[in-house]
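Colleague: Protein sequence lines correspond, in order, to chains D and G. If you read the first sequence in the working numbering, its first letter stands for residue 1, the second for the next number, and so on. If you read the second sequence in the working numbering, its first letter stands for residue 1001, the second for the next number, and so on.
There are 2 protein chains.
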Amino acid sequence: MPTPSSSHKAGDLHFLKRLNRSAILELVRRKPGVTRADIAVKARLTKATVGAAIQSLLKQGWLKEGELQKSSGGRPGRALYLNDKHYLMLGAEVGVHGIRIVACALSGQVLASHHVRLSPTTPEATAELLATQLKAMLESAKLAKYTPLGIGVALPGPVAPGEPIIRLAPNLGWQDVRFLDFLQANLPSFNGIWLMDNEAKSAAFGEIYFRTGKIPESLAYISAGTGIGSGMVEGSHPPLVRRGTQGLAGEIGHTIMQPGGLYCHCGNRGCAETLVSGWSIRAKLGVSEEEDLLEALLPRLNEPNVQAVIHQAGEALGILLLNVHHALNPSELVLGGSLTQLGSSLMEPALNYFKAHQNRLASHSHRVPIRIIEDSTFVSARGAAAQVLAHIIHGSSELI
Amino acid sequence: MPTPSSSHKAGDLHFLKRLNRSAILELVRRKPGVTRADIAVKARLTKATVGAAIQSLLKQGWLKEGELQKSSGGRPGRALYLNDKHYLMLGAEVGVHGIRIVACALSGQVLASHHVRLSPTTPEATAELLATQLKAMLESAKLAKYTPLGIGVALPGPVAPGEPIIRLAPNLGWQDVRFLDFLQANLPSFNGIWLMDNEAKSAAFGEIYFRTGKIPESLAYISAGTGIGSGMVEGSHPPLVRRGTQGLAGEIGHTIMQPGGLYCHCGNRGCAETLVSGWSIRAKLGVSEEEDLLEALLPRLNEPNVQAVIHQAGEALGILLLNVHHALNPSELVLGGSLTQLGSSLMEPALNYFKAHQNRLASHSHRVPIRIIEDSTFVSARGAAAQVLAHIIHGSSELI
DNA sequence: CCAGTAAGTTCAATCTCTAAACTTATTGTT
DNA sequence: AACAATAAGTTTAGAGATTGAACTTACTGG
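1. Is the beta carbon of G1250 of chain G closer than 9 Å to that of P1259 of chain G?
2. What residues match up with T1147 of chain G in a beta bridge as DSSP calls it?
3. Rounding to the nearest angstrom, what Cα-Cα distance links L293 of chain D and V177 of chain D in this structure?
4. When the Cα atoms are used, what is the spatial distance from S345 of chain D to E332 of chain D?
5. In whole angstroms, what is the alpha-carbon distance linking I1024 of chain G and I1039 of chain G?
6. Give me the DSSP bridge partner(s) of L63 of chain D.
7. So what's S1223 of chain G in DSSP terms, helix, strand or just coil?
8. Quick one: what does DSSP say I189 of chain D is sitting in, helix, strand or coil?
9. Skipping 5 residues on each side, what residues in its chain have a beta carbon closer than 7 Å to that of S1236 of chain G?
10. Output the distance between the C-alpha atoms of E234 of chain D and S218 of chain D, rounded to the nearest integer angstrom.
11. In chain order, which continuous runs of the beta strand (DSSP E) of length 3 or greater are located wholly inside the segment 306-379 of chain D?
12. I want to verify the contact list: residues of chain G whose CB lies under 7 Å from the CB of Q312 of chain D, in sequence order.
13. Just reading off the beta strand (DSSP E) that I1166 of chain G is part of, what are its end residues?
14. Report the option in D:V287, D:T226 and D:L111 whose CA atom is closest to the CA atom of V276 of chain D.
15. Between the C-alpha atoms of K1145 of chain G and K1135 of chain G, what's the straight-line distance to the nearest angstrom?
16. Residues of chain D with a CB under 7 Å from the CB of R1044 of chain G: which are they?
17. Which first and last residues belong to the beta strand (DSSP E) in which I228 of chain D is found?
18. Is it true that the segment 182-199 of chain D meets the segment 387-398 of chain D, where meeting means three or more beta-carbon pairs spaced less than 8 Å apart?
19. Along the segment 1343-1358 of chain G, where does the CB come closer than 7 Å to a CB of chain D? Name the residues.
20. On the criterion of 16 or more Cβ atoms from any shown chain inside 10 Å, does H1366 of chain G qualify as buried, or is it exposed?
21. If I follow the unbroken beta strand (DSSP E) through I1101 of chain G, where does it start and stop?
22. Go ahead and label Q246 of chain D buried or exposed: buried means 16 or more other beta carbons lie within 10 angstroms of its beta carbon, across all protein chains shown.
23. Which of the residues in the segment 1260-1276 of chain G, read from start to end, lie with their CB under 8 Å from any CB of chain D?
24. Could you confirm whether any beta carbon from chain G is found closer than 9 Å to the beta carbon of M1 of chain D?
25. Listed from N- to C-terminal order along the chain, which residues in the segment 186-206 of chain D have their beta-carbon within a distance smaller than 9 Å of any beta-carbon of chain G?
26. Rounded to whole angstroms, what is the Cα-Cα separation between L16 of chain D and L1016 of chain G?
27. Are I1400 of chain G and R1021 of chain G close, meaning C-beta to C-beta below 9 Å?
28. Could you say which of G:Y1353, G:Q1109 and G:G1261 lies nearest to I1370 of chain G if we only look at CA atoms?
29. Would you say V1096 of chain G faces chain D, with C-beta separation under 9 Å as the test?
30. Classify R382 of chain D: buried if its beta carbon has 16 or more other beta carbons within 10 angstroms, exposed otherwise.
31. Using a C-beta to C-beta distance shorter than 8 Å, which residues of chain D count as neighbours of R1117 of chain G?
32. Expressed to the nearest angstrom, what Euclidean distance is found between the alpha-carbon atoms of T35 of chain D and T212 of chain D?
33. Taking just the CA atoms, how far does S1056 of chain G sit from V1050 of chain G?
34. Where W279 of chain D and G286 of chain D are concerned, what is the direct C-alpha to C-alpha distance, given to the nearest angstrom?
35. Against chain G, with Cβ distances strictly below 9 Å, would S397 of chain D count as a contact?
36. Taking the C-alpha atoms as reference points, what is the distance between S1397 of chain G and A1204 of chain G?
Written as structure tokens, this is what we have:
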């Protein structure tokens, strides 16, 4: 996902107006049901300004009015909500085992989703299939009346910041691919913005972006699947994803946890991935690439050998969580990826290790909550859709 | 350092004006000698707006005019510079072995600096000594005519984000200390802002903030002294320091590099600090706390035992650098702290390890530059001063 | 039924930016 | 040396966005 060119922020009256409209949209997004009066207080704008902005946002289909609030001895306020019936964002994830697409409404509600199994193939073929699926989804009866804002694509590898190139997707066999170019070629008529990002970063973004109410200051998403990736988001406005210069931020699967340990496909030894990852578990238990790892393992979970390998991987995952805690210190940790489906045999050793070893440094501190997503099928795709919305609301788009 | 309360950003005309003045100051800061015309182009403001803002910034003592630029067939522009003769920022570092203070001009130029050796003592006594030193510096003939903007203090431990509490400084023996309160009590007449932050984070901030010309997108400062800390800054406007919820971001000394390894004072085993840090080297070579580590070791560098320990520590440092590269991916790495004075015996193994193992993931990528600061005595203090300036320029201060 | 309270709207005043004309200062050409 | 061309910086009128105060709307409670 290209970072918005952050030149020196200066602006004119038009810029100020957009900024205020963004702020208002954000307030409604974060707290559905707020009134104009609430917004005026929180955004430190006058009722007049808020009223005018809201009128135009209603007219353009961004917001809708809801019920009257309970009065506390005066005219009751009118609840405001995002309008989930006018705009949508498309999100897609190209994974090692298939393609996933979703269409989301402004609030994050999934309007439609689709999953196609597919073995890794060329970028061209993948883009063609993806475009076909997206087109079909957009033309379906339910979605045809929506205005699409853009398409976000999540990919399993580091994406260069600033330009839409996926540097390396070892599990797809891709290198330096301008995937959006292929996709655009197959969807020439699509009118909206195009984004692409790493799958863990998209997932992290989505997990924080579509939340309402009290949102965490920051969140790290750890994606444990064939490989191990992560994404760290700060919950500012807009939430900011850490990318690093080469898009390598969050490649925690290749942090070294065991100097002199096993060889990793990245060329180094003792990477976290050699201890916990789909591929290392396959290697240790002799599960071939053709088999589905989960289908192969779930029936064998009571074999001592399998248990030992998974327990060891779980402990390694716990260490990794602890290292993320000490290096990034997110206020919330979210675990996703296909390996979470191994359930407590993997997760218990991980959580136990983490809980037993955290909190030695910051005395007063609350425990960092860890959330495990059992079914993370559409998490990255939905996150990519979230990135589209954020780009529209906070970017330079003239839509709002 | 309290993070600016990031409520939902909306603003009025006054806010817009301040934003534009900030942007103009930033442009001059980053590229000393720019002209009004350059600024108008880069900030996308009109010549009229820029001209008016600059007049007032000149009048208030923020900027000064310089020489005429070479003409290219028209009226030559007038170079603009930060005015280094009107405002100053104070920075201080409370370290394990002493107190360091600096006074910086707007451009980062060190106007005065001072170093007092001091063994760890109570916050009260430390604050009193620090206040005396700061007062003396401010009242010195050279600085008396300056207007101080504020004081930044750097401390060797995690600082809670949002409120000025140092959570834990194991090497000072402090815990949950509101150090600024003690300092303010000793400097009641001081008129300016008060900040405090972790020493590595301040250093990181200063290293990116006072640079001119092409600044890196991001920078990680690794502070290798008695303990190991780090700070990561993104070079946006203003540069943003990663803190984490509990201020623990960057505590890479406590990431686990050797599961089941030696015990660390944090309670865990195999932390990076057990492999590379002042205290672990002391322990391994039997250098007592009373001795100065460098004075004790520098004469013994050719002893095989000493060489082996330092070489091993260097390799661990290299692994740590690699892990920072894969977890945060800064565009530049800066190494500071007292251990850098061990010179190539420590640094060569570190750099060799890093160079031999980086760059397996992002194919095209340039090598990440690593800079070693041999004398980092005042780096953190200067960084704390930098944070004061950034707070004034980008915060809600009415000074600009 | 009416006073009290609070939400939301209207409108003149204010403030900041822009656009265009103007002044200033230098280069290059006749 | 004079004059056109070019570009920097200033001035001024005008456009656009926010504010503040007055006003309208809508509900509560006595």
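Note that the Cβ used here is the ideal one computed from N, Cα and C, for glycine as well.
Modeller: Reading off the structure:
1. Taking a C-beta distance under 9 Å as the contact criterion, P1259 of chain G and G1250 of chain G do not qualify as a contact pair.
2. Answer is G:Y1087.
3. Distance from the CA of L293 of chain D to the CA of V177 of chain D, rounded to the nearest whole angstrom, comes to 27 Å.
4. Their Cα atoms are separated by approximately 22 Å.
5. If you take the alpha carbons of I1024 of chain G and I1039 of chain G, they lie about 7 Å apart.
6. DSSP lists D:L82 as partners of L63 of chain D.
7. In the displayed model, S1223 of chain G falls within a strand according to three-state DSSP.
8. In the sequence as displayed, the identity of residue 189 of chain D is Ser instead of Ile. Note: S189 of chain D maps to coil in three-state DSSP.
9. Once the five neighbours on either side are set aside, S1236 of chain G has no close Cβ partner at all.
10. Roughly 4 Å separates the two Cα atoms.
11. Within the segment 306-379 of chain D, the complete beta strand (DSSP E) segments of 3 residues or longer fall at 333-336 and 370-372, listed in chain order.
12. The premise fails here: Q312 of chain D is roughly 10 Å from chain G at the closest Cβ pair, so nothing lies under 7 Å.
13. Per DSSP, I1166 of chain G belongs to the beta strand (DSSP E) from I1166 to A1169.
14. Measuring from the Cα of V276 of chain D, the nearest candidate turns out to be D:T226.
15. For K1145 of chain G and K1135 of chain G, the distance between alpha carbons rounds to 14 Å.
16. The contacting residues are A10.
17. I228 of chain D -> beta strand (DSSP E) spans I228 to E234.
18. Look at the beta carbons and you see the segment 182-199 of chain D touching the segment 387-398 of chain D: at least three pairs across the two are nearer than 8 Å.
19. Taken in chain order, the members of the segment 1343-1358 of chain G whose beta-carbon sits within less than 7 Å of a beta-carbon on chain D are H1357.
20. So H1366 of chain G ends up on the exposed side.
21. Counting along the chain, the beta strand (DSSP E) containing I1101 of chain G begins and ends at G1098 to C1104.
22. With at least 16 other beta carbons inside 10 angstroms of its own, Q246 of chain D counts as buried.
23. Flagged, chain order: C1266, G1267 and N1268.
24. Only weak support exists for where M1 of chain D lies, its pLDDT of 43 falling under 50; the value from the coordinates is given anyway. Under the 9 Å criterion on CB atoms, M1 of chain D is classed as non-interfacial with respect to chain G.
25. If the cut-off is 9 Å between Cβ atoms, the segment 186-206 of chain D has nothing near chain G.
26. Those two C-alpha atoms are separated by around 7 Å.
27. In this structure, I1400 of chain G sits near R1021 of chain G, with a CB-CB distance shorter than 9 Å.
28. Nearest C-alpha to I1370 of chain G: G:Y1353.
29. Proximity of V1096 of chain G to chain D, defined by a Cβ-Cβ separation below 9 Å, is not satisfied.
30. Looking at its Cβ environment, which holds 16 or more other Cβ atoms inside 10 Å, R382 of chain D is buried.
31. Chain D residues near R1117 of chain G: none, gap ~27 Å exceeds 8 Å.
32. Going by the C-alpha atoms only, they are around 16 Å apart.
33. Going by C-alpha positions, V1050 of chain G is about 10 Å away from S1056 of chain G.
34. Taking the straight line from one Cα to the other gives about 10 Å.
35. Taking Cβ atoms only, chain G never reaches closer than 9 Å to S397 of chain D, which makes this a no.
36. The alpha-carbon atoms of S1397 of chain G and A1204 of chain G are separated by roughly 23 Å.
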